Structures are given as structure tokens and as C-alpha cells.
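In terms of the UniProt record's numbering, the sequence shown opens at residue 1 and continues consecutively.
Backbone N, C-alpha and C fix where the C-beta goes; we use that ideal spot for every residue, glycine too.
Small disclaimer: the values here were computed from a predicted structure and weren't measured.
Worksheet: the structure to be examined is printed underneath.
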Amino acid sequence: MTVRFAGIELANPIIAASGTFGYGIEFEDIVDLERIGAFVSKGLSREPMAGNEPPRMVHTSAGMLNAIGLQNIGVADFLSKKLPELKRYPKARCIVNVFGYQVTDYVAVIEQLNDAEGIIAYELNVSCPNVHEGGMTFGADPGALEYLVARAKAAAKRPLIVKLSPNVTSIGQMARIAALAGADAISLTNTFLAMAIDVETRQPALRNITGGLSGPAIKPIALRMVYETAKAVSIPILGMGGIVTTEDAVEFLMAGATAVQVGTASYADPRAVERLVKGLETWCRSHNVERVASLTGSLSIPWLKEKS
């Protein structure tokens, strides 16, 4: 069940996604932190952030909308209050999500994290659709993305994963830009910009007006983007977007992902990541798959071979 990406070995390819798993330690009584492949922390900024005003979450027919606004305790408190608690789980694999309004913010957070123990990689959030500046601006602008990734890579002492925005014209182009600028891996997709309206009040359901759509509704689009990205770059991909079942995870691996992240499913089932680890083990046994890593990019399209 082990997989490797960007020089990192994981016990399995199931990762808890940023923003849905707290700082990891909050789930210690629910999930075996050493059983899952890894978890990604909430996005950390230079200073604490209160996030957007409520209402900030709305259920949809096939997922949810959120406009949390990257509420977080800030990098200093994470280092002093959250990360030390994880020492009780030496086999737990922590990836830290990093956010900023300016390039210097990203770099400052990374520099503060560099000498801390217990972190295996950084995930650069350039794709949050529910803040008014930073984040998505970098993810949608090729030049800004290239500059940010290059600066972050130069500052980082650990592998750098770039979390791309799906709200772009060509995901393959943005992935290539990130890879050429130094990214060690790509994670995608983040949520899709969306909105909901309360028809009784005739007002937006979210105070922020728009938010990020996640859950099963986005899975087919996210899967297509992982497939396209796998054809565009040679660096590893962490796929996500509406993964709920074991078969969902297998689809993303076959499309080209090395590992997958599970997010919204954890709201309905806090043990979703651990359930998927067990489910993937069972699926591999029943399908005579000796190495889960062999599933990556194994999608077969026989009619294309016939034409060639």
C-alpha cells in the first residue's frame, strides 16, 4: 500500500485534505493518525485570521458550499500549540498548507516552518476561491504563479506541493508553469467558485455571496482535470474532488494521481479517510493488485491505440 511522491514515502495513498481535518490533532480520538497516509493542515498564514462572517457554509444537493475565508490560528501558534501535540504520533505524516496575501507572506510562513520537526512537505495554496485577495489571484495568473512558486521553492527546505485552482481556462498550462518554476508535486482540484440563493429572503445564502463548491458534484470535473494534468507534467499529482467511496479513489489513481486527498466526505463521516484506507486495501486484494502504486496512470483507452 506504500506510495512515494516527491521523495516522500507514505504508508498508503489516502490523505486528509486541508480545511477539513483541522490541524490533525483534533482528530486523534476519531482517526488513527498513523494509519492514514498523511493529513494536510488548515491553511496557515503569517498572522491569525478570523475568516469571513457567517453564514459561511451551505449544503447543496450533491456537496457543500463554503466561504470560511481561511480562518486559522497563524503559523506561530501552530508551531507552539498544535505541532508539539503531534509528537505523540511519530508515524503521522503532516503536510502544512501555506497561504498568504503577498509573496512575502508565503515566504515568511515557510521560513518559520522550515526548522520545525514533524512536517514532511508544504502545500502552497494558490487557489482559495473565498477570499477577496491573494490565493486565487496567484492561481489564475500565469506570471504571478510562476513568481510565487519560484520564491517559495527557493525558501523551502522541504518538498513543495502546489495546490492549483480549477477556476482557470487550462489546468494543464498552470500545472506546467508550476512544475517549471520548481514545484515538486501538484494537488488538485480545490473548490469551484459557486453560489446559492435563499429564495425566501432573495439574498445570497453565503455572507461572502460566493464560495467554494466541493463534494460529489465536482468529482467528474476534478477527475478530468487530474487526467489532463497527468498528461501535461511529469511530477506527482495528489488528486481530490468529491471522493467518497473506494472506487472514487481508484478512479483518481487510474487517471494519474499518485495519492488522493479526501475532504468534504469527512464532514458526513469523520472516519472517512480511515474507512477509505481499509476499503482500498480490500479492493486491491479482490482485484489482485499487489502494489497500489501500479494503479497510477493505469487508465486504458484501447480505441486510441487502435487508431494509432
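Just to confirm my understanding: we take residue i, look at its own chain, exclude 5 residues before and 5 after, and list those with CB closer than 7 Å. What are they?
i    : result
P236 : F5, A6, A185, T258
A232 : G172, A175, R176
G135 : With a pLDDT of 47 at G135, under the threshold of 50, the predicted position of this residue should be treated as unreliable, though the coordinate-derived value follows. So the qualifying residues of the chain are F99, N125, V126, S127, C128.
P54  : R207
L145 : V126, F138, G139, M174, I177, A178
Y23  : S41, K42, F78, K82
E281 : M1
Tell me which residues share the same chain as residue i and place their Cβ nearer than 6 Å to its Cβ, disregarding the 5 neighbours each side in the sequence.
i   : result
N12 : M1, G37, V277
Taking C-alpha atoms, which residue in the options lies nearest to residue i?
i           : options               : result
L213        : T229, A62, I15, N125  : A62
V109        : K153, F21, H59, M57   : K153
T191        : L44, E111, I68        : I68
A272        : E146, T20, G118, E117 : T20
I95         : N66, L148, N167, N114 : N114
T210        : L238, A293, N66       : N66
V168        : A150, T189, R151      : T189
G215        : M225, A194, I243      : I243
L10         : E228, A92, E290       : A92
P220        : E200, E251, T229      : E251
P48         : F27, V75, M57         : V75
I161        : G239, T264, E85, G118 : G239
residue 370 : G51, A196, A116       : The structure shown does not extend to residue 370, since the chain spans only 1 to 308, so no value can be given for it.
Just list the residues that DSSP pairs residue i with in beta bridges.
i    : result
Y122 : V96, L160
L193 : G212
V260 : I14, G239
D198 : Q203
L186 : The sequence given here has Ile at residue 186, not Leu. DSSP output for I186 lists V162, I237 as bridge partner(s).
N72  : M49
M57  : N66
L44  : V98
I8   : F5
Would residue i be called buried (16 or more neighbouring beta carbons within 10 Å of its own) or exposed?
i    : result
A179 : buried
H132 : For H132, the pLDDT reaches just 49, beneath the cut-off of 50, and the residue's location in the model is therefore unreliable, although a value from the coordinates is still provided. With fewer than 16 other Cβ atoms within 10 Å, it is exposed.
R202 : exposed
Tell me which residues share the same chain as residue i and place their Cβ nearer than 8 Å to its Cβ, disregarding the 5 neighbours each side in the sequence.
i    : result
D198 : P204, A205
What whole-angstrom Cβ distance do residue i and residue j have, given they're in contact under 8 Å?
i           : j    : result
A255        : L223 : 5 Å
residue 316 : D105 : Nothing about residue 316 can be reported from this structure: the residues present for the chain run from 1 to 308 only.
L33         : Y122 : Actually they are not in contact, since the Cβ atoms of L33 and Y122 sit about 19 Å apart, beyond 8 Å.
E274        : V31  : 5 Å
L86         : G118 : 5 Å
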